[in-house]
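**Student:** Dropping the structure in here first, questions after.
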Amino acid sequence: MKHITKLQAKLSKLSRAIDKSHPEYSPVHEDKLDQHLQGVIKQVDKLERKHDDLLTDICNINSMIIDLLGEMQDQTISQDKIKHRLIEVLDCSKDEVA
2 MKHITKLQAK LSKLSRAIDK SHPEYSPVHE DKLDQHLQGV IKQVDKLERK HDDLLTDICN
62 INSMIIDLLG EMQDQTISQD KIKHRLIEVL DCSKDEVA
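So the mapping is simple: my numbering equals the position in the sequence shown, first residue as 1, plus 1.
This is the structure:
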């Protein structure tokens with residue numbers, strides 16, 4: 002969330018830089034504005050990719066849990082395997098949080 006707030010602040014700054022009616026307007030060279038805008042676009046792109054990766058990981062973890070619950074319901078898995086699989090799920094989720 003911190004990254005999103007920073008990007009919003011940068012976009013607001015760019016908006017003020019091109020809005021002549023804004024009281025904080027001061028002329029800025031187009032190249033400088035272009036550099037700032039390109040930086041914001043790259044950061045947004047990185048955040049979108051990270052978001053997509055996290056969604057994929059959440060879907061994978063969800064599938065692992067559903068499979069485990071199905072095996073537990075069918076009673077086709079031992080308690081040791083259940084513990085091992087739960088540890089795998091927890092390890093996956095810890096990796097994604099870090």
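Note that the Cβ used here is the ideal one computed from N, Cα and C, for glycine as well.
1. Name the two residues that bound the continuous alpha helix (DSSP H) containing Q39.
2. Hey, would you say L55 sits closer than 8 angstroms to L34, going by beta carbons?
3. Per the contact definition of three or more C-beta pairs closer than 8 angstroms, is the segment 45-52 in contact with the segment 66-78?
4. Just reading off the alpha helix (DSSP H) that I5 is part of, what are its end residues?
5. How many angstroms separate the CA atom of E89 from the CA atom of D53?
6. So, with DSSP's three-state summary, where would you put I78?
7. When you compare the CB positions of Y26 and D32, do they come within less than 8 angstroms of one another, or not?
8. Closest to G40 by CA distance: which of L12, I67 and V29 is it?
**Tutor:** With the given structure in hand:
1. Translated into positions along the sequence shown, residue 39 becomes position 38. E31 to D75 is the extent of the alpha helix (DSSP H) around Q39.
2. The count along the sequence shown starts at 1 and reaches residue 55 at position 54. The count along the sequence shown starts at 1 and reaches residue 34 at position 33. Not a contact, by the Cβ cut-off of 8 angstroms.
3. Touching, no, given that fewer than three Cβ pairs across the two stretches are closer than 8 angstroms.
4. Here residue 5 refers to the residue found at position 4 when the sequence shown is read from its first residue. Here the alpha helix (DSSP H) through I5 covers K3 to I19.
5. The residue given as residue 89 occupies position 88 in the sequence shown. The residue given as residue 53 occupies position 52 in the sequence shown. Distance between the alpha carbons of E89 and D53: 22 angstroms.
6. Within the sequence shown, numbered from 1, the residue matching residue 78 stands at position 77. Judged by DSSP in its simplified three-state form, I78 adopts coil rather than helix or strand.
7. Taking the first residue of the sequence shown as position 1, residue 26 is located at position 25. Taking the first residue of the sequence shown as position 1, residue 32 is located at position 31. No; because the gap between Cβ atoms is not below 8 angstroms, this pair is not in contact.
8. Residue mapping note: residue 40 aligns to position 39 of the sequence shown, counting from 1. Considering only alpha carbons, the answer is L12.
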